[in-house]
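Remarks on the structure that follows.
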Amino acid sequence: MIALKCNLISESIEDASARLLDFMKESAASGKPTTQYVDRYLTEQHREERGDGCLIAALGSEIAREPAAQAAFTRHVEGTLKGLTEPLAKAKKKNARRDAIHTLSSIVGAIILARAVDDPELSEEILREVRAVLD
3 MIALKCNLIS
13 ESIEDASARL
23 LDFMKESAAS
33 GKPTTQYVDR
43 YLTEQHREER
53 GDGCLIAALG
63 SEIAREPAAQ
73 AAFTRHVEGT
83 LKGLTEPLAK
93 AKKKNARRDA
103 IHTLSSIVGA
113 IILARAVDDP
123 ELSEEILREV
133 RAVLD
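Heads up: the sequence shown is residues 3 to 137, going by my numbering.
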C-alpha cells in the first residue's frame, strides 16, 4: 500500500512537471520567459486554484516525509530551476542559477503565504509586491 502511494505521488509529480516544463519552453520562445512565468504564477487565480496549482507549494513540506517520492520532486525542482536559469544564462546574467533559485524560492513562498493568510488585502499585497520585485 505504501509503495503504491509513493508511486502515485511520483507519477503525479512527473506529470505536473512535464506540463510545467512545456509551459516554460513556450514562455522562453516568447522572449520573456521569467517575467511571464512569475506573472502567471503570482496571481489571485493561482492562489485560489490549490488543486491545480504549484506542486512545490502544495507538497514541499510533505515530501520530506515521503522519501520514495523525493527523487521525482527533486527532478521537478531541478527542471524548474533549469527553465528559469537558461534564459538568464543566455542573457549573460552572471549569477543565473542563484537568481533562478531566488526567484523560485520567492514565488513559492509568496503563494504559500498568500494562501495562508485570512486577510484578502494582505494576500493580494504579498502577490503584488513579490511580482514587483521580480519583474
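A virtual CB, placed ideally from N, CA and C, is assigned to each residue, including glycine.
All figures in this text were calculated on a predicted structure; none of them were measured in a lab.
Spatially closest choice to residue i from the options, by CA coordinates
i	options	result
A134	Q38, D24 and A31	Q38
G81	G62, R67, R21 and S108	R21
Helix, strand or coil at residue i according to DSSP, with G and I counted as helix
i	result
K36	Sequence check: residue 36 is Thr here, not Lys. It is helical.
K95	coil
T87	helix
D54	coil
E68	coil
M3	Note that M3 has pLDDT 46, beneath the 50 cutoff, so the model's placement of it is unreliable and no number is given.
Limits of the unbroken alpha helix (DSSP H) element including residue i
i	result
A98	A98 to A118
E213	Absent from the structure is residue 213, since the part of the chain shown begins at 3 and ends at 137.
A60	L57 to I65
E50	E46 to E50
Exercise for the section: Please determine if the region 110-124 and the region 42-53 are in contact, where contact requires at least 3 C-beta pairs separated by less than 8 Å. Expected result: yes
Exercise for the section: Check whether the region 13-32 touches the region 85-94, taking contact to mean three or more Cβ pairs, one atom from each stretch, closer than 8 Å. Expected result: yes
Handout entry: Touching by the beta-carbon criterion (3+ pairs, under 8 Å), the region 56-71 and the region 118-132
Key = no
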